[in-house]
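A.B. asks:
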Amino acid sequence: MLRAALTGVVSRAAVRTAVPAIRPLAMGKRLYSSAHEDESFESFTERYVKFFDGVEDLFELQRGLNNAFAYDLVPATSVIESALKASRRVNDYATAVRVFEGLKDKVESEKQYKEYLDELAPIRSELGILTKEELN
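Residue numbers in the sequence shown follow the numbering used here, run continuously in steps of one, and reach 373 at the last position.
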């Protein structure tokens with residue numbers, strides 16, 4: 238560059254890089270989640286029971302719980318049961334307690350939460366899981 242300034246000679250490479258490259262804009266169809274088919278409650282339940290049955294580590298379990306509770310529905314008791322067994326399999330009691338905290342936040346009323354607790358009582362006693370309220 239200094240030589241070009243002193244001699245007035247400009248190299249071809251300098252001229253080539255000075256020209257801006259014109260790239261065409263990619264125009265494509267934008268896909269939104271509403272374009273996908275709606276998943277039925279039964280297929281949701283089946284998918285997450287299968288997912289939690291195959292969980293092998295804590296990260297995978299917590300990621301699955303986060304995804305399952307992100308939907309605008311309360312997971313079926315079979316999904317919760319499978320998640321509790323997975324938390325036992327990865328040996329994480331705290332996550333099992335948090336499953337019930339998430340369930341309490343998702344249900345519409347205290348009555349519905351008690352119904353879930355009653356239905357899940359056998360698995361809770363089998364695995365020795367207490368709720369946050371019972372721990373206090």
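Note that CB positions come from ideal geometry on N, CA and C, so glycine has one too.
Is it buried or exposed for F288, if we count other Cβ within 10 angstroms and need 16 for buried?
C.D. replies: Counting Cβ neighbours within 10 Å, F288 comes out buried, since at least 16 surround it.
A.B. asks: Figure out for me which residue from A323, L310, F278 has the closest Cα to the Cα of E293.
C.D. replies: Ranking the options by Cα distance to E293, first place goes to A323.
A.B. asks: When the Cα atoms are used, what is the spatial distance from K341 to Y350?
C.D. replies: Each residue's Cα considered, the two are about 6 Å apart.
A.B. asks: Report all residues from its chain with a CB closer than 8 Å to the CB of V334; omit the five preceding and five following residues, and keep chain order.
C.D. replies: Here the set comprises I366, L367, T368, K369, L372.
A.B. asks: Are I317 and L357 touching if we call contact CB-CB under 9 Å?
C.D. replies: Yes. Within cutoff.
A.B. asks: At what residue ranges does the stretch 262-350 contain a whole run of the beta strand (DSSP E), taking only runs of 3 or more?
C.D. replies: Here no run is fully enclosed.
A.B. asks: From S346, K348, F337, S362, pick the residue whose C-alpha is nearest to that of F306; which is it?
C.D. replies: Looking at the Cα atoms, F337 is the closest of the given residues.
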